[in-house]
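> Read top to bottom, the protein sequences are chains A and W.
Using the working numbering, the first residue of the first sequence is number 34, and each one after it goes up by one.
Using the working numbering, the first residue of the second sequence is number -19, and each one after it goes up by one.
C-beta: ideal position from N, C-alpha, C; glycine also.
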Amino acid sequence: MFGFPGGALLPFYDTLPQYSQIRHILTRHEQGAAHAADGYARATGKVGVCMATSGPGATNLVTGIANAYLDSVPMIALTGQVARHFIGKDAFQEIDITGITLPITKHSYVAMDAPSLAATFKEAFYIARSGRPGPVLIDLPKDVMTDQAEFVYPEKLDLPGYKVPRQGHPTQLKNAAKLINEAKQPLIVAGRGVIISGASEELKELAEKAQIPVITTLLGIGCFPGGHILNYGMAGMHGTGYANKALENCDLLIAIGMRFDDRITGKVSAFAPKAKIIHIDLDPAEIGKNVPANVPIVGDVGAVLQAMQKLIETNRHIDWIQQLEEWRKQHPLLDIHDSEGLLPQYIIHELYEATQGDAIVVTGVGQHQMWAAQHYTFHEPGSFISSGGLGTMGFGLPAAMGAKVGRPDKAVWLVDGDGSLQMTIQELATLVQDNIAVKMAILNNGFLGMVRQWQDLFYKKNYVATPISCPDFIKVADAYRISGLTVTKREEVSPAIEQAMAHDGPFLINFMIEPEENVYPMVPPGAANIEFIEQPKKEVSSWRRQSIR
Amino acid sequence: MATTKHTLVAIVNDKPGVLNRMVSLFRRRNFNIDSIAVGHSEVPHLSRVTVIVNGTTAMVEQVRKQLDKLIDVVKIFDITGEKLTGRELALIKVKATSATRSEILEIADIFRANIVDVASDTLTIEITGDEDKIDSMFKLLHGFGIREIARTGRVAMVRGSLGVMRRVEKPLKTRVRKQS
Ligand SMILES: Cc1ncc(C[n+]2csc(CCOP(=O)(O)OP(=O)(O)O)c2C)c(N)n1
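1) Closer than 7 Å, CB to CB, is residue 58/W near chain A or not?
2) How long is the line joining the alpha carbons of residue 229/A and residue 192/A, rounded to whole angstroms?
3) I'd like to know whether the C-beta of residue 49/W is nearer than 7 Å to at least one C-beta of chain A.
4) Is the beta carbon of residue 240/W less than 7 Å from the beta carbon of residue 133/W?
5) Thinking C-beta only, is residue 93/W closer than 7 Å to residue 107/W?
6) Tell me the residue span of the alpha helix (DSSP H) that contains residue 381/A.
7) Following a CB-centred definition, is residue 516/A positioned closer than 6 Å to any heavy atom of ligand 1?
8) At the 7 Å Cβ level, is residue 52/W part of the contact set with chain A, yes or no?
9) Let me make sure I understand the geometry here. Which of 30/W, 82/W, 99/W and 8/W has the alpha-carbon closest to that of residue 65/W?
10) Apart from the five residues just before and just after residue -7/W, which ones in its own chain have a Cβ nearer than 6 Å to its Cβ?
11) Taking its Cβ as the centre, do 16 or more other Cβ atoms sit within 10 Å of residue 122/W, making it buried, or is it exposed?
12) Indicate whether residue 332/A and residue 198/A have their beta-carbon atoms separated by less than 7 Å.
13) With distances taken from CA atoms, which of 253/A, 126/A, 148/A and 158/A is nearest residue 141/A?
14) Any heavy atom of ligand 1 closer than 6 Å to the Cβ of residue 81/A?
15) In the structure shown, what three-state DSSP assignment does residue 551/A receive?
16) Please report how far the alpha carbon of residue 334/A lies from the alpha carbon of residue 314/A, in whole angstroms.
17) In terms of residue numbering, what span does the beta strand (DSSP E) encompassing residue 119/W cover?
18) Please tell me whether residue 190/A and residue 138/A are closer than 7 Å, where the distance is taken between their beta carbons.
19) I want to check one thing, is the minimum distance from the CB of residue 93/A to the heavy atoms of ligand 1 below 6 Å?
20) Give the DSSP-derived three-state secondary structure of residue 524/A in the structure shown.
21) Step through the CB atoms of chain W and report whether any lies within less than 7 Å of the CB of residue 188/A.
22) Out of 404/A, 254/A, 295/A and 341/A, state which residue places its alpha-carbon closest to the alpha-carbon of residue 235/A.
23) So, with DSSP's three-state summary, where would you put residue 428/A?
24) Select from 60/A, 226/A, 419/A and 435/A the residue whose C-alpha is nearest the C-alpha of residue 336/A.
25) Is residue -5/W close to chain A? Criterion is C-beta to C-beta, closer than 7 Å.
26) Report all residues from its chain with a CB closer than 8 Å to the CB of residue 531/A; omit the five preceding and five following residues, and keep chain order.
27) To the nearest angstrom, how far is the alpha carbon of residue -4/W from that of residue 136/W?
28) Does the distance between the C-beta of residue 395/A and the nearest non-hydrogen atom of ligand 1 fall short of 6 Å?
29) Taking DSSP as the reference, what is the three-state secondary structure of residue 45/A?
30) In three-state terms, what does DSSP make of residue 54/A?
31) Hey, how far is the Cα of residue 261/A from the Cα of residue 247/A?
32) For residue 461/A, does the three-state DSSP call read helix, strand or coil?
33) When the distance is taken between beta carbons, is residue 249/A closer than 7 Å to residue 267/A?
34) My assumption, with CB atoms under 8 Å, is that residue 213/A sits in contact with residue 345/A. Please give the rounded CB distance.
35) If you measure from the CB of residue 552/A, is any heavy atom of ligand 1 nearer than 6 Å?
36) Closer than 8 Å between beta carbons: that is the criterion. Which residues of the region 536 to 567 of chain A meet it against chain W?
Below, the structure written as structure tokens:
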């Protein structure tokens, strides 16, 4: 667990040493603790735990809780609270954190008495990890922590209002199978729900049996092997051209464990215009929310796919696959254009080569996030960790920390922007104190790049509030006793990555990339997916020379 | 799409904060709640909430599903359009002089309302019925001068022998996509 102490948590920390099985990591900011718990949970599939003291400690968790909520990450947020008799009196460091987090938690508790604590914790963990996972907050008054009660751990939970659907409706399963068996140009779009359900194998079996190409959402990356011939990459705003063309032309879309976020639908009325839609999701409230489904199936993705498997005929869609391959050639993604500068796409590609696709890659939010999603090939669920729903800058470093704590056996690479990193850079100290060997690749463009890109494309290059200065990251790292180096040339990229990997402990590489490189393809906001813009053949950059670096 | 009045009935855990959680989901979607009535249900520790809101069927269905996800909401149904018994209670304090008193009593009589309090210059009337009945009575009394009015909001029950706890949820409806 990741936490930060304070007055209201003192009794908790006082007893913590008695429990040697619990590893506590002191972060440098409570937001860091929440993101670290989040990264831990995504990397392991287990519940991540973060804690903070009452008042400012609790409010500092809020962004991290919201982030976990939007990406359905199992998390317990434990907050200290003032003693019971102070509650509601604006006591020192009293804040109504339960009220504040009401819309961003799956559930919450104010633990008002000691005898029911065990049941509360059991329930909270169960709710956080079961069904559609999410953050659960437990607000714990200081005097409850010091109270004495008999430890009663309930055998069974009493949650009559909590429904976890398992198996899909048989009629709908049959309807879906019929559509799949009849489709000429079927397409699967898979999301994080597949990862949560642990249903990658079932997905692969279905796709292969019926020969259905697979595209993913941003958070679905890794749920289907990156190198698989049926994998056509990510769709949506920065999706591949061929994935978006596939969406445009498919006659059946099988949406699995995803929620039709506006970043993947583009203009909703023009989304997958020729397709019937089968929507499989655990959460009935997601079905029909943004895009109506012809066949809605509520159930655990893995269980539904298993049942479906039996109803699906072995099939081939040679013409459709050939068409997709054609588009793949016409709209290549991995084409890295000529440039004297250091290109971020190239760096990510080299990172993939050096790690042989076996690392966990954690990102901040911005262009670098999209380049990481596009140019690294992810083979395993949980190997790409990124803030999707909330798009939280500053998520990267603490989340990478949490991922490494959860998976010490894996290489964990942070791919971060110079802007995002500066939001939670203080966690470098945590890496050192707790010896967490995260490797960091900073794609430093001297801009809040993704916002600059929008200004470039849609606001006549009016670069306001996006040029961002940064400290000498190597000196900063050094001050924290972390090794690092700056890379400015293409030929230095691969050796630097090798050096980082060989290094024992955390390591930071500051890549000075082409400042005005844009992420392509891009679907302009509000446009249909099919209107994606591709990398212009030649970009003339006048800004480059005057750039603040 | 046209908005209509919807009647939602929920069975919820009788705990602090439950109403807060429910109402915040309506607020987030900018619903204005017409009325909300809460009281004990036939099951110990469970309360019954009746919410009346205006909205399109799709909007109300979305918020209903969202409400259903709350851990403390055990069951929730949109019973709009079913055969219902719906009742509301209102207390109306109306000005009364010796000249108007008998006329007011007569109106109360027509509506089968009760006089529950008599003061020197007012009468307080208790009336039960559906909203229309209460609205009509209110209109008739308006001219006499109304001092105060308190309405409970509607509570409702589906007719027939089945209790709400035994009701089963209908499977999700298939919707046909409008394609451009
Ligand atoms: C906390 C937060 N504030 C603001 C934004 C808006 N935003 C999205 S991307 C971005 C720029 C990110 O810059 P940087 O981290 O340097 O990455 P780059 O795009 O340059 O790769 C900003 C400001 C956000 N997503 N999160």
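With the given structure in hand:
1) no
2) 22 Å
3) yes
4) Limits of chain W in this structure are -19 at one end and 160 at the other, which puts residue 240/W out of reach.
5) yes
6) 377 to 388
7) no
8) yes
9) 30/W
10) 52
11) exposed
12) yes
13) 158/A
14) no
15) coil
16) 6 Å
17) Run containing residue 119/W: none in the beta strand (DSSP E); it sits in the alpha helix (DSSP H), 111 to 122.
18) no
19) no
20) helix
21) no
22) 341/A
23) coil
24) 226/A
25) no
26) 387
27) 24 Å
28) no
29) helix
30) coil
31) 9 Å
32) helix
33) yes
34) 6 Å
35) no
36) none
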